[in-house]
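Numbering-wise (the numbering used here), the sequence shown opens with residue 66 and increments by one. Glycine included, C-beta positions come from ideal geometry on N, C-alpha and C. Report on the following structure.
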Amino acid sequence: MSTTLPPASPRHEERLLIAGELRGAADSGTFEVLNPADGTVLGKVADAGPVDMLDAIGAARRAFDETEWAADRQLRKRGLTQLLDALIEEKEELREELIAEVGAPRMLTYGAQLEEPLEKFRWHIDHIDEFEWVRRLDDAVNRFSGEPSQRWVVKEPVGVVAAITPWNFPFGLLLVKLAGALAAGNTVVAKPAPETPWNATRIGRIVAERTDIPAGVVNIVTTSGRDTAELLVTDPRVDMVTFTGSTVTGQRVLECAAPTFKRTTLELGGKSASIILDDADLAQAIPQALGALAHSGQGCALPTRLLVQRGVYDQVVAGLTQAFAQVPWGDPQDPSTMAGPIVSARQRDRVADYIRTGKEEGARLAVGGTVPDRPGFWIEPTLFVDVDNDSTIAQEEIFGPVLVVTPFDTDEDAIRLANASRYGLSGYVTSASTERALRIARAVRSGTFMINGGSFSGGDAPFGGYKASGIGREGGREGFEVFTETKTIGSALPLPLA
Ligand code: NAD
Numbered sequence: 066m067s068t069t070l071p072p073a074s075p076r077h078e079e080r081l082l083i084a085g086e087l088r089g090a091a092d093s094g095t096f097e098v099l100n101p102a103d104g105t106v107l108g109k110v111a112d113a114g115p116v117d118m119l120d121a122i123g124a125a126r127r128a129f130d131e132t133e134w135a136a137d138r139q140l141r142k143r144g145l146t147q148l149l150d151a152l153i154e155e156k157e158e159l160r161e162e163l164i165a166e167v168g169a170p171r172m173l174t175y176g177a178q179l180e181e182p183l184e185k186f187r188w189h190i191d192h193i194d195e196f197e198w199v200r201r202l203d204d205a206v207n208r209f210s211g212e213p214s215q216r217w218v219v220k221e222p223v224g225v226v227a228a229i230t231p232w233n234f235p236f237g238l239l240l241v242k243l244a245g246a247l248a249a250g251n252t253v254v255a256k257p258a259p260e261t262p263w264n265a266t267r268i269g270r271i272v273a274e275r276t277d278i279p280a281g282v283v284n285i286v287t288t289s290g291r292d293t294a295e296l297l298v299t300d301p302r303v304d305m306v307t308f309t310g311s312t313v314t315g316q317r318v319l320e321c322a323a324p325t326f327k328r329t330t331l332e333l334g335g336k337s338a339s340i341i342l343d344d345a346d347l348a349q350a351i352p353q354a355l356g357a358l359a360h361s362g363q364g365c366a367l368p369t370r371l372l373v374q375r376g377v378y379d380q381v382v383a384g385l386t387q388a389f390a391q392v393p394w395g396d397p398q399d400p401s402t403m404a405g406p407i408v409s410a411r412q413r414d415r416v417a418d419y420i421r422t423g424k425e426e427g428a429r430l431a432v433g434g435t436v437p438d439r440p441g442f443w444i445e446p447t448l449f450v451d452v453d454n455d456s457t458i459a460q461e462e463i464f465g466p467v468l469v470v471t472p473f474d475t476d477e478d479a480i481r482l483a484n485a486s487r488y489g490l491s492g493y494v495t496s497a498s499t500e501r502a503l504r505i506a507r508a509v510r511s512g513t514f515m516i517n518g519g520s521f522s523g524g525d526a527p528f529g530g531y532k533a534s535g536i537g538r539e540g541g542r543e544g545f546e547v548f549t550e551t552k553t554i555g556s557a558l559p560l561p562l563a
């Protein structure tokens, strides 16, 4: 194992990692990776088929059953620290890769796209020592023999984990799954989204060449094939699926995982309400509302549905109309850019369809709404006002730079409208009143909530959704625990557990 940068490594890693080996697909297939900012082909990556996926699952199974990974916490700490150190060394390459393959604005790589995930990874390594792996309960008495019995609760890894991730935050979303699953002692087959494979294959190369992580513990399989991907959720050798993606795919994953009773955690879509009360500081609330445009709206927890109290509604709409027209969008390389391209032609067309539907359903288009005629995949930042909360654009996740604004009268109305959604990922409120803000925060059915621009970000913070936004949590103690099984032991022999 080398501790220095591998010489002459390719800028982008094209190979799969299966059973410790970096290799192409069995049938030598590849697929192209595009630059969303101009539509050009950046390069290619291995296109795994069923044979490769089954190999990867077999390798993860053997690594779980036959190596020390599941039992040896010191090995896990060492291997994961080596991985983190190498990722930090290659951080600038990761940054350029994210900007190129995702179209991620450079600005975001200093937060949720790159730097924050690295911090979260460190938290998980530290948590290996802090987690309560063993808990002793009060002794019991055997009801037949009358002898005392020790009682213990021990936490064990679940087994082989399939990690399936989307394209919008490909590095962070994969890293948090790897962090939790691996720190808890599981082995992993990771399948990144086909649009954005290179951050994942880079992780694979680092694991293989720069860490003591045993062969088969981490497998990275890129594929353009849905049937190949689906093997991960049907194969009986996989014990758990951790999925992030759309709600419709999440439903499919849950169905496929049911026959083999896989533990399944789902991080799905959102249509999070952001509420501006009539006592809010509008100088703060209006710029915060622009958060809906971050990464061109391609974020699951963004405040994409703005509810504004009637007394300040006209002021907010006027302020937003002005702010939207000036928002920095365009070249993701430019450090001031907030909204870059849309990841693919398919997604761009989907967003354009929603804009058309919004107009047809009678919402007032205040700003934007066009598909710019230029290379790459783009949508102009778009503001719809006077939107009916029951309409399509207020109910469905658009995943583009589109904010919908709806007026309301009372705090009760705001809560009712915020909850009148199948989703429950996140929520936001701006108010001068702690009492009103807290009441709304507690009443909105969502997995996270932010008051007056507050942030919950950190490795120790669980993240996830209520309702159709998901099942389970990622990150924090709750997210770590999801990757463990619980075994309760009664013993007439004193046990040396720790
Ligand atoms: P998607 O559901 O189309 O795909 C997600 C992943 O699942 C991809 O890797 C895809 O190849 C894979 N996949 C698709 N069908 C599969 C199947 N049948 N079996 C196994 N794997 C399959 O989602 P997307 O378009 O890549 O990402 C956007 C969606 O992700 C949005 O809905 C967004 O809200 C959601 N998302 C949620 C969170 C969260 O934490 N809640 C975070 C980011 C993105």
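What would DSSP say about residue i, mapped onto helix, strand or coil?
i: GLN363; result: coil
i: VAL450; result: strand
i: VAL382; result: helix
i: PHE308; result: strand
i: TYR488; result: strand
i: VAL286; result: coil
i: TRP217; result: strand
i: MET403; result: coil
i: LEU70; result: Since pLDDT at LEU70 reaches only 32, below the 50 mark, its modelled position is unreliable, and no value is offered.
i: ARG201; result: strand
i: LEU163; result: helix
i: PRO170; result: coil
i: GLU97; result: strand
i: ALA526; result: coil
i: ILE420; result: helix
i: LEU562; result: coil
i: GLY108; result: strand
i: ALA345; result: coil
i: THR513; result: coil
i: THR457; result: helix
i: VAL377; result: helix
Residue i: which of the options sits nearest, CA to CA?
i: LEU127; options: PRO259, GLN363, ALA135, GLY281; result: One point to set straight first is that residue 127 is Arg, not Leu, in the sequence displayed. For ARG127, the nearest C-alpha among the options comes from GLY281.
i: THR471; options: PHE464, GLY465, ARG481; result: ARG481
i: LEU367; options: PRO393, GLU477, ILE193, VAL467; result: VAL467
i: SER337; options: ARG429, LEU372, ALA345, LYS327; result: LEU372
i: GLU546; options: ALA246, LYS156, ASP203; result: ALA246
i: GLU221; options: GLU295, ALA84, GLU550, ALA113; result: GLU550
i: ARG171; options: ASP438, TRP394, GLU445, ILE536; result: TRP394
i: GLU308; options: PRO324, PHE442, PRO437, LEU333; result: Note on identity: in this sequence residue 308 is Phe, with Glu being the wrong assignment. Per the Cα distances, LEU333.
i: PRO231; options: ILE268, ILE193, VAL219, SER311; result: SER311
i: ARG187; options: VAL450, ILE458, ARG200, LEU152; result: LEU152
i: TYR175; options: LEU319, GLY384, SER401, GLN147; result: SER401
i: GLU477; options: GLU158, ALA497, VAL509, GLU274; result: VAL509
i: ALA526; options: ARG542, GLY518, PHE129; result: ARG542
i: GLY114; options: GLY524, ARG143, GLU295, GLN147; result: GLU295
My assumption, with CB atoms under 8 angstroms, is that residue i sits in contact with residue j. Please give the rounded CB distance.
i: GLY168; j: VAL408; result: 6 angstroms
i: ARG216; j: ALA228; result: About 34 angstroms; that fails the 8 angstroms criterion.
i: VAL377; j: ILE341; result: 7 angstroms
i: ASN264; j: LEU347; result: The Cβ separation is near 39 angstroms, so there is no contact.
i: ALA502; j: SER496; result: 4 angstroms
Do residue i and the ligand NAD come close, with the Cβ less than 6 angstroms from some heavy atom?
i: SER289; result: no
i: GLY51; result: Within the shown structure, residues of the chain are numbered from 66 to 563, placing residue 51 beyond reach of any answer.
i: PRO440; result: no
i: TRP232; result: yes
i: ALA533; result: no
i: ILE458; result: no
i: ILE444; result: no
i: GLU97; result: no
i: SER361; result: no
i: VAL317; result: Reading off the sequence shown, one finds Arg at residue 317, where the question assumed Val. Under cutoff, so the answer is yes.
i: ILE229; result: yes
i: GLU332; result: yes
i: GLY512; result: no
i: THR309; result: yes
i: ALA354; result: no
i: ILE323; result: Sequence inspection shows Ala at residue 323; the Ile mentioned does not correspond to that position. ALA323 Cβ: outside cutoff for every heavy atom of the ligand NAD.
Can you check DSSP and say which residues form a bridge with residue i?
i: ARG370; result: ALA338, VAL469
i: THR553; result: VAL218
i: TRP134; result: Paired residue(s): none; TRP134 is not in a bridge.
i: ARG88; result: LEU81
i: ARG267; result: Looking at the DSSP assignment, ARG267 forms no beta bridge with any residue, so it has no partner.
i: GLY535; result: GLU332
i: ARG429; result: VAL450
i: TRP394; result: ALA404
i: ALA255; result: ALA228, ILE285
Between residue i and chain B, is the shortest Cβ-Cβ distance under 7 angstroms, so that the two count as touching?
i: VAL223; result: Of the chains in the structure shown, none is chain B; there is only one protein chain.
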